[in-house]
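*Asks:*
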Amino acid sequence: MVRAIRGAIQVEGNDRNAILAGVTELVTEVMGRNNLTTDDVISVIFTATPDLTAEFPALAARKLGFHDVPLICASEIDVPGALPHVVRLMAHVDVDRPRHEIQHVYLRGAVALRVDIAQ
Numbered sequence: 001m002v003r004a005i006r007g008a009i010q011v012e013g014n015d016r017n018a019i020l021a022g023v024t025e026l027v028t029e030v031m032g033r034n035n036l037t038t039d040d041v042i043s044v045i046f047t048a049t050p051d052l053t054a055e056f057p058a059l060a061a062r063k064l065g066f067h068d069v070p071l072i073c074a075s076e077i078d079v080p081g082a083l084p085h086v087v088r089l090m091a092h093v094d095v096d097r098p099r100h101e102i103q104h105v106y107l108r109g110a111v112a113l114r115v116d117i118a119q
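Residue numbers for the sequence shown follow full-length UniProt numbering, so the first one is 1 and each next one is one higher.
(1) Would you grab the beta carbon distance between A60 and L20 for me? Rounded to a whole angstrom, and I think it's under 8 Å.
(2) By how many angstroms is the C-alpha of P84 removed from the C-alpha of A112?
(3) Excluding the 5 residues flanking M1 on each side, which residues of the same chain have their C-beta closer than 8 Å to its C-beta?
(4) Our contact map puts A74 next to D15 with C-beta atoms below 8 Å; I'd like the distance itself, whole angstroms only.
(5) Suppose the cutoff is 8 Å on Cβ atoms and the five residues either side in sequence are ignored; what does the same chain contact list for G65 look like?
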C-alpha cells in the first residue's frame with residue numbers, strides 16, 4: 001500500500017548548517033516513528049519557506065542514505081504572516097499499515113502548523 005507521511009520542522013534561520021541539521025532531525029524522526037527503511041520510501045517532496053535559500057533540504061536526506069530515492073525541493077508559497085524558516089516534507093512510502101497508524105511528525109515551532117496531528 002502507498003501511504004503519504006507529512007512532516008515539518010522550523011529551523012534556526014537561513015544557514016546551510018541549520019537547514020541540514022533540521023532536515024536530518026526531521027527525516028530521522030519520520031523514519032524512526034514509522035519504523036521505515038529507505039527501501040520503503042518511494043519518493044520525498046521537500047518544500048522550504050521562501051526565506052530558506054542557503055541549501056537544498058534534499059541534501060540532508062542524501063547524506064542519510066537516500067541515494068536511490070527520488071527527491072525534489074520546492075518553495076512554499078509566500079503567504080503573509082506564515083511561520084518563517086520552515087522545511088516541510090511529504091514522503092510516499094510502501095507499507096502494509098492502515099492510514100491511521102501512520103505518524104506525521106512536526107518538530108520545534110512547526111508543531112503549531114498541525115496541532116491536531118503533531119506527535
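Beta carbons: idealized from backbone N, C-alpha and C, even for Gly.
*Replies:* Looking at the atomic coordinates:
(1) 5 Å
(2) 12 Å
(3) D94, V95, D96 and R97
(4) Rounded, the Cβ-Cβ distance is 20 Å, inconsistent with contact.
(5) If we look at G65 and ignore the five residues flanking it on each side, its Cβ neighbours are T38.
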